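Notes to accompany the following structure.
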Amino acid sequence: MPITLYLPAKAIQTLDLTPGHELVKTLMADPVRAAQQVQCAIDWPRSPEDPRELSEIPEVRLWFIRWDTVYPWMPYFLNWRQGELARYAAMMVPHQFNPREGIVYNPEALEIFVYQKIFVLMRWFKQQNLGSVSMLRDMALVFGFEIQPEFLALWEAEP
């Protein structure tokens, strides 16, 4: 069952996280059921001549960067199959958009993003008593990273 984060232009312009806060209340009521269900609906006015993707609009990116500082574990809830994780990463990671290839991330920045999210989620999973190492591996695979089991064993060792 998809869950939508509706993000109006006014919230973006004022960096108002209220739409995100309201969504998190819903997600945390049943985090297992809400896993990988969130889709983003971003209402940002653009002229037909504006070729930019939403992740290339500084105001939109800034809202997501601010939201990520408050809820760094949000990738757990994003609908990966619908591309929401990739779009979320595009808000955080320098990239270019290629009409044929789609989003082309800066490789070093993407690697930092993926590992940072793995560490955040490792800790959050333990705090919430949910999630799994396989989910972290799958998240990394979305971006083309194969994480070795020995690395993920850190999850088990972390207090």
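Residue 163 in this note's numbering sits at position 155 of the sequence shown, and the numbers go up by one each step.
Glycine included, each C-beta is placed from N, C-alpha and C at the ideal position.
Please read these numbers as outputs of a predicted model, since none were measured by experiment.
- Note on geometry: alpha-carbon atoms of serine 55 and phenylalanine 105 lie some 18 Å from one another.
- DSSP assignment within the region 28–93 yields the following whole beta strand (DSSP E) runs of 3 residues or more, N-terminal first: 46–50.
- For phenylalanine 133, the closest C-alpha among the options Ala19, Met36, Tyr14 is that of Met36.
- Bounds of the beta strand (DSSP E) holding isoleucine 111 are 110–113.
- Of the residues assessed, alanine 148 falls on the buried side of the cut-off, its CB having 16 or more other CB atoms within 10 angstroms.
- For glycine 28, the CB contacts under 6 Å within the same chain, skipping 5 residues up- and downstream, are Trp75 in chain order.
- For the options Ile111, Met130, Ala165, Asn137, the alpha carbon positioned closest to that of arginine 60 is the one of Ile111.
- Threonine 34 has its alpha-carbon roughly 19 Å from the corresponding atom of phenylalanine 72.
- With 16 or more other CB atoms across the displayed protein chains lying within 10 angstroms of its CB, alanine 98 is buried.
- The beta carbon of proline 16 sits closer than 6 Å to the beta carbons of Asp51 from its chain, once the five residues preceding and following it are set aside; these are given in chain order.
- DSSP places glutamine 104 within a strand segment (E or B) once states are collapsed to three.
- The shortest C-alpha to C-alpha distance from glutamine 21 to any of Leu160, Ala42, Phe153, Pro66 is the one to Pro66.
- In this structure, DSSP gives threonine 22 a state outside helix and strand, which the three-state scheme calls coil.
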